[in-house]
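Protein chains in written order, with our numbering: chain A, 842 to 1046; chain B, 4 to 228.
Working notes for the structure below.
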Amino acid sequence: VILVPHDEEIEVDLTLNQLETAFGSGKSVPPDIDDLIKQLASGPTGLPEEELNRLRRLAVERLESSRSVGELLRTRRIALGFDEEEVSHRSHLRVRLLEDLEADTADLHEIDPEMFGSLLYVLGLSELGSLETPLRQLASVHLSVHGSGVGPLFGRTRRGVGSVARRRGLLKGIPGHDADATRRAVDAYVVGVTQRLQELASRKK
Amino acid sequence: LRPPVLPDDRWRFWLRLLRGGDILVRGQIVEAYFDYVLRALVNISSNLNSKWYSPLPHPRVLELANELTNIAFAEAFAHIEQFDETQSALPTWIVLKGRSRLKGIVLKEIREASRQSATDNDELTQRSLSGQLDDLATDPAEQAVNRVEASEVARRVNEVLQAMSPDHRRALVLAYMQPPPDASAIAAIARDLGKSPVAADSLLRRAARDFRSRWEELKRRDELQ
């Protein structure tokens, strides 16, 4: 038996095909679409909350780029339309430290987690999000811990050599880098920043 | 399960940062709207799968919808200059970015699964084999021509839709969002417009007739000009 579609069904199909041609690429938007999408997003999906959380976390992680902490902070500040003095004033972070941070020459030993959290809050962030991985990478260099036995290190301050570079140079070739202790120091820094952000966000609420 | 997540207006502020070249805001947008976009794309993908008598198991539909969601965010960020906030909300546009990849990702797999399961539905097999639902051009020149034509068609379709009555317009857009129109789409239209399925079906047909007559009128007018 060959079923011949009714003229009206063909008409509906043709019309919807035209809508598909018009809007299928996602460049043009059908009218009154917000409500319809809201309806679709309100339907059940069968996804448990933990799974949804996991997928969301993965999606944020996938966004990470190879940009440094300094570059990310600088582009954020500029997009917000703030100058360095304004951000410095609001976050109580010295302008010199902010400049160094944005130029990736700052020493995290000079910027405690609370101060860093305040800076992020001033830049409109309420959580670390996609900044977490670059911050961890930076912190693992700056907060690197060396085992006991290294003793105090002395070195001359030289023009154009920052504290991070000087410390790295002095420690070069000296064994005893403690990976576990470094990880703990990085975790503590990240937790400190996160707690500060949460504290500031809850104050606002 | 979490309650339905509805988008708020934070995207309006974030849009400015996105356009200003900020990278960190992408994380904020994904964090805020991931659930919304994923839920919408899961439902769109599930509707499509149902239409084909569900050849894909639900967990696979969820995986594909998740893939669509990630692509949707990436494409939205890469082409943010195309977004027009007077036409839709940003989360809506991101969902539509994902929907635009439905054929290449979800439908492709549905068709493959349908073929492998030796479906007993001749009509669907015919449609899948004839490529009626698959208009993906592989030739770059053909793709370019298609893009230009699509933008012209979009202009005309929008003009026609705007001239139609709100009920007719809504019925067509609802049917379009639940591809292709079947009992579940009719039920969705009926629910949305507070009508019986029979009345919704009739409304959709009238809306299509109305659209076609206005379309022909517009074509004649454009030809005269």
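C-beta atoms are modelled at their ideal positions from N, C-alpha and C, and glycine is treated no differently.
Evaluate residue i with the Cβ neighbour count: other Cβ atoms within 10 Å of its Cβ, from every protein chain shown; 16 or more gives buried, anything less gives exposed.
i: B:Phe16; result: exposed
i: B:Asp38; result: buried
i: A:Gly922; result: exposed
i: B:Thr72; result: buried
i: A:Ala1020; result: exposed
i: B:Gln119; result: exposed
i: B:Gln181; result: buried
i: B:Leu206; result: buried
i: A:Gly1010; result: exposed
i: B:Thr89; result: exposed
i: A:Glu852; result: buried
i: B:Leu227; result: exposed
i: A:Gly867; result: buried
i: A:Tyr962; result: buried
i: A:Val982; result: exposed
i: B:Arg172; result: buried
i: B:Val201; result: exposed
i: B:Lys54; result: buried
Could you give the C-beta distance for residue i and residue j, rounded to a whole number, given that I count them as a contact under 8 Å?
i: A:Leu960; j: A:Ala947; result: Contact doesn't hold; Cβ gap of about 11 Å is too wide.
i: A:Leu913; j: B:Ile26; result: 6 Å
i: A:His1018; j: A:Ser985; result: 7 Å
i: A:Gly970; j: B:Gln31; result: 6 Å
At a Cβ threshold of 8 Å, is residue i touching chain A?
i: B:Leu139; result: The predicted model places B:Leu139 with a pLDDT of 46, which falls under 50 and marks its position as unreliable; any figure quoted below should be read in that light. Chain A contact via Cβ: absent.
i: B:Leu132; result: Legend: pLDDT at B:Leu132 = 38, less than 50; position of this residue unreliable, value from coordinates given subsequently. It does not: the Cβ of B:Leu132 has no partner Cβ on chain A nearer than 8 Å.
i: B:Ala178; result: yes
i: B:Arg215; result: yes
i: B:Ile26; result: yes
i: B:Asn46; result: yes
i: B:Arg224; result: no
i: B:Trp14; result: no
i: B:Ala203; result: no
i: B:Tyr100; result: The question names Tyr, but residue 100 of chain B is Lys in the sequence shown. Yes, because at least one Cβ of chain A sits closer than 8 Å to the Cβ of B:Lys100.
i: B:Ala153; result: yes
i: B:Arg172; result: yes
Which residues does DSSP pair with residue i in a beta bridge?
i: A:His987; result: A:His1018
How big is the Cα-Cα spacing for residue i and residue j?
i: A:Val1005; j: A:Arg935; result: 18 Å
i: A:Pro975; j: B:Glu84; result: 27 Å
i: A:Glu891; j: A:Glu943; result: 36 Å
i: A:Ser883; j: A:Leu964; result: 32 Å
i: B:Gly101; j: B:Arg42; result: 12 Å
i: A:Ile952; j: A:Arg1044; result: 22 Å
i: A:Glu973; j: A:Val1031; result: 8 Å
i: B:Ile47; j: B:Arg104; result: 12 Å
i: A:Arg918; j: A:Arg895; result: 30 Å
i: A:Leu818; j: B:Phe76; result: Residue 818 of chain A cannot be examined here, being either before or after the span of chain A that is shown, 842 to 1046.
i: B:Ser168; j: B:Leu175; result: 11 Å
i: B:Trp96; j: B:Ala190; result: 25 Å
i: A:Asp848; j: B:Leu65; result: 36 Å
i: B:Glu115; j: B:Pro62; result: 17 Å
i: A:Arg1025; j: A:Glu925; result: 32 Å
i: B:Asp170; j: A:Thr1035; result: 49 Å
Does the CB of residue i have a neighbour CB from chain B at under 8 Å?
i: A:Ala1026; result: no
i: A:Asp924; result: no
i: A:Val901; result: yes
i: A:Ser906; result: yes
i: A:Thr1023; result: no
i: A:Ser909; result: no
i: A:Phe957; result: no
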